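Worksheet: the structure to be examined is printed underneath.
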Amino acid sequence: METDSWNGVHNNSNEVIGLSYNELETNYTIKLDDKWSLKPGMLTHWSKAGTRFGPYLKLSYDVNPDLNLGIRYRYDYNVYRSTDLDGNNARANQHRWDGYVTYRINDLFTAAWQTTVYTYQNDFHYNNHKKWATENAFVLLYKMSKNITPYIEYDYLDRQGAYNGRDNIPENSYRVGVSFNL
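Just so you know, we're using the UniProt record's numbering here: the sequence shown kicks off at 1 and counts up by one.
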């Protein structure tokens with residue numbers, strides 16, 4: 001589960017944490033053999049704008065016990081509608097492809113890199129003035145116990161920033177979270 005106080009217009013309104021962005025993710029790993037696994041999952045996001053569902057399927061390959069590669073497709077479906085480029089009331093749904101490289105440093109620490117390309121399904125543009133955008137995330141995870149893994153994450157969101165009427169600005173984000181393995 002993730003939450004932060006980032007708001008979509010970046011106007012430094014200092015909103016209370018958790019009002020603008022919350023996520024809950026559930027998934028299940030299916031081992032195909034000793035190297036390959038398939039992970040169906042669902043990401044649920046809620047904010048002041050509304051709710052988004054992101055069903056996904058991730059395919060992973062264990063190169064060795066410490067190195068894992070993966071690719072994931074996720075479809076982000078917005079329950080709410082937004083105004084598109086033509087002024088129509090439409091859903092800003094997205095197709096999203098993620099690539100992963102995960103390296104276990106030792107029994108306690110794991111580092112991960114995630115690269116993402118996403119595109120709007122409908123007539124919307126990102127703040128980079130395109131129908132597609134990219135981002136890269138770097139994550140450090142600490143295995144506190146078998147079931148609890150806190151992490152810190154740095155994301156470079158390409159030129160997705162918007163501030164004081166300007167857009168196409170390089171943007172970064174930082175996250176602190178905890179994963180629970182039930």
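C-beta atoms are modelled at their ideal positions from N, C-alpha and C, and glycine is treated no differently.
Every value quoted in this text rests on a predicted model; they were computed, and no experiment measured them.
Distance between K131 and Q160, taken at the CA atoms: about 12 Å. Going by DSSP, L38 is part of the beta strand (DSSP E) stretching over 36 to 46. Considering only R175, Q121, Y126, S37, the residue with the shortest C-alpha distance to R91 is Q121.
Per DSSP, R91 is not a residue of any beta strand (DSSP E), being assigned neither H nor E. The C-beta of R52 has 16 or more other C-beta atoms within 10 Å across all chains shown, which makes the residue buried. Checking the DSSP bridge columns, you'll see P150 partnered with V178. In this structure, the alpha-carbon of L157 lies about 16 Å from that of H95. In the DSSP assignment, D33 falls outside any beta strand (DSSP E), carrying neither H nor E.
A Cβ-Cβ contact shorter than 8 Å links A111 with I105. As summarised for the region 110 to 174, the continuous beta strand (DSSP E) elements at least 3 residues long and confined to that stretch are 132 to 142, 148 to 156, 161 to 163, 166 to 169, given in chain order.
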